[in-house]
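Participant: Mind having a look at this structure? Questions to follow.
In this note's numbering, the protein residues as written are 201 to 667.
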């Protein structure tokens with residue numbers, strides 16, 4: 201089962217009809233959530249394995265279909281949208297490849313194609329967050345949707361943990377990842393279900409588990425569908441650990457530690473430190489730091505296999521950094537031009553991290569734009585709600601989303617596992633900032649805890665699944 205079967209086009213066509221049906225039958229916000237998560241969780245990862253005109257990857261196909269239905273059935277909402285200066289970093293992420301194509305004499309057509317690709321991968325999910333989840337209640341719904349999506353994946357994860365990662369191959373005829381050795385960790389199987397890799401699944405499960413555990417920890421929500429949320433948290437935590445993704449599990453512990461520290465210290469400093477880690481790593485690596493200390497740390501904390509994996513990544517990064525810095529500002533553009541080849545023309549490089557991929561293709565300009573676009577939403581939240589307010593349970597879902605987004609940023613340093621979930625979170629936090637700032641301007645005499653926080657967060661949370 202090495203090639204796509206007939207279920208691939210059937211699933212893609214059925215998804216288009218499913219999305220249209222969602223926007224006909226459900227409220228626009230719920231339709232978007234159901235469509236986006238259903239497509240991301242259950243469609244085949246057909247990247248480079250099945251030819252879909254213009255939309256050659258799952259990470260492009262799902263946002264494109266959802267955007268089409270959203271504009272068709274909820275166009276008035278999009279007409280009300282007005283870009284702001286805070287959207288500029290994400291706009292640069294989407295548009296910087298155009299300059300890279302021109303700088304490498306690839307022409308405006310190639311540049312336009314690159315902008316189209318980046319816009320679907322990053323820009324459209326970001327706009328979903330900006331347009332649909334720019335209010336406190338909407339962010340709470342987004343947090344619940346992520347928890348519900350991870351819960352939906354629990355039985356599939358457990359099946360693959362026991363039987364091996366075979367669901368994608370069984371249903372769609374092929375495996376999206378390379379060697380099956382990548383699916384074996386710690387004497388067992390690392391699931392991937394319908395995602396590109398077990399690492400992507402691990403980070404997805406970590407995000408939902410983090411949000412659920414923090415909601416349970418702060419008593420922001422007592423039950424889901426009449427079941428105490430603690431039971432769901434236990435199922436999610438157990439499954440996430442059984443996914444055997446060491447990095448994702450470590451990020452889960454780190455995220456919970458940051459939230460707990462911010463709550464007890466009544467300070468946002470732990471979150472700010474978390475945000476500094478990815479750019480600090482990028483600056484250090486491009487400035488000559490070898491990163492060998494990470495190899496020793498991995499061997500001491502985890503095992504020799506993990507240390508060997510980290511060392512392999514660092515050695516590859518060394519080659520790719522040297523190649524990227526030959527064209528430092530705008531990079532080498534696409535088509536593998538930033539990769540390293542030997543004398544015979546054989547590709548001898550493996551790109552793991554999103555940061556080195558961006559540095560190679562879009563240069564320091566693209567990397568800086570991506571870093572700002574990923575960090576800015578959380579920084580805006582911190583500026584809105586100082587650390588002393590982070591113990592307020594009404595802020596719990598938003599705080600958990602912010603930390604999940606920051607963890608996704610750290611994960612991108614080592615794994616280029618592109619997902620629409622984190623851009624949606626980023627866009628929603630930017631939208632919340634603009635909404636709350638507008639409310640404060642309209643009510644200058646109100647207390648610093650604005651009406652946008654006091655009123656919507658004070659309402660009794662609707663049950664998961666309510667319209």
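We put the beta carbon where it would ideally sit given N, CA and C, even for glycine.
1. Go to residue 516, then tell me how far its alpha helix (DSSP H) extends in each direction, as first and last residue.
2. So, do the segment 363 to 375 and the segment 244 to 252 have three or more beta carbon pairs nearer to each other than 8 Å?
3. For residue 428, name the three-state secondary structure that DSSP assigns.
4. Apply the 10 Å Cβ neighbour rule to residue 646 and answer buried if 16 or more other Cβ atoms are within range, or exposed otherwise.
5. So residue 219 and residue 266 are in contact, right, with Cβ under 8 Å, and what is the actual spacing, rounded?
6. When burial is assigned at 16 or more other CB atoms within 10 Å of the CB, is residue 546 buried or exposed?
7. Helix, strand or coil for residue 653, going by three-state DSSP, please let me know.
8. Within 10 angstroms of its Cβ, does residue 234 collect 16 or more other Cβ (buried), or is it exposed?
9. Is the segment 288 to 302 touching the segment 317 to 334 in the sense that three or more CB pairs, one from each, lie closer than 8 Å?
10. Answer yes or no: do residue 444 and residue 388 have a C-beta to C-beta separation smaller than 8 Å?
11. What residues in its chain sit with their C-beta under 7 Å from that of residue 202, if we drop five residues either side in the sequence?
12. Residues in the same chain with beta-carbon distance under 7 Å from residue 284, minus the five sequence neighbours each way, listed in chain order, please.
13. What runs of the alpha helix (DSSP H), each 4 residues or longer, lie entirely inside the segment 308 to 396?
14. For the alpha helix (DSSP H) that residue 257 lies in, which residues bound it at each end?
15. Per the contact definition of three or more C-beta pairs closer than 8 Å, is the segment 331 to 351 in contact with the segment 618 to 637?
16. CB residue 439 to CB residue 405, shorter than 8 Å?
17. Applying the 10 Å Cβ sphere with the 16-neighbour rule, what's the burial state of residue 317?
18. In the segment 531 to 600, which residue ranges form an unbroken alpha helix (DSSP H) of at least 4 residues, counting only runs that do not cross its ends?
19. Can you grab the Cα-Cα spacing for the pair residue 491 / residue 512, in whole Å?
20. For residue 441 versus residue 429, is the C-beta spacing smaller than 8 Å?
21. Is residue 543 buried or exposed, if buried means 16 or more other CB atoms sit within 10 Å of its CB?
22. Any idea which residues DSSP pairs residue 423 with across the strands?
23. So, are the CB atoms of residue 213 and residue 411 less than 8 Å apart?
24. For a quick check, are the C-beta atoms of residue 625 and residue 307 less than 8 Å apart?
Facilitator: Looking at the coordinates:
1. 504 to 524 is the extent of the alpha helix (DSSP H) around residue 516.
2. yes
3. strand
4. Confidence is the limiting factor: at residue 646 the pLDDT is only 48, short of 50, which leaves the residue's position unreliable, though a coordinate-based value still follows. By the neighbour-count rule (16 or more Cβ atoms within 10 Å), residue 646 is not buried but exposed.
5. 6 Å
6. exposed
7. Low confidence applies to residue 653: its pLDDT is 48, below 50, so where it sits in the model is not reliable, and the reading given next is rough at best. Reduced to three states, the DSSP call for residue 653 is helix.
8. The residue in question, residue 234, is buried, as its Cβ has 16 or more Cβ neighbours within 10 Å.
9. The segment 317 to 334 makes contact with the segment 288 to 302, as at least three CB pairs between them are under 8 Å.
10. yes
11. Answer for residue 202: 374, listed in chain order.
12. 634
13. 324 to 332, 336 to 363 and 367 to 372
14. Note, residue 257: premise wrong, no alpha helix (DSSP H); not H, not E.
15. yes
16. yes
17. buried
18. 554 to 584
19. Spanning the alpha carbons of residue 491 and residue 512 requires a straight line of approximately 11 Å.
20. Not in contact: residue 441 and residue 429 (Cβ atoms no closer than 8 Å).
21. exposed
22. Residue pairing of residue 423 in beta bridges, as defined by DSSP: 428.
23. The beta carbons of residue 213 and residue 411 sit no closer together than 8 Å.
24. Annotated as distal: residue 625 and residue 307, with beta-carbon spacing of 8 Å or more.
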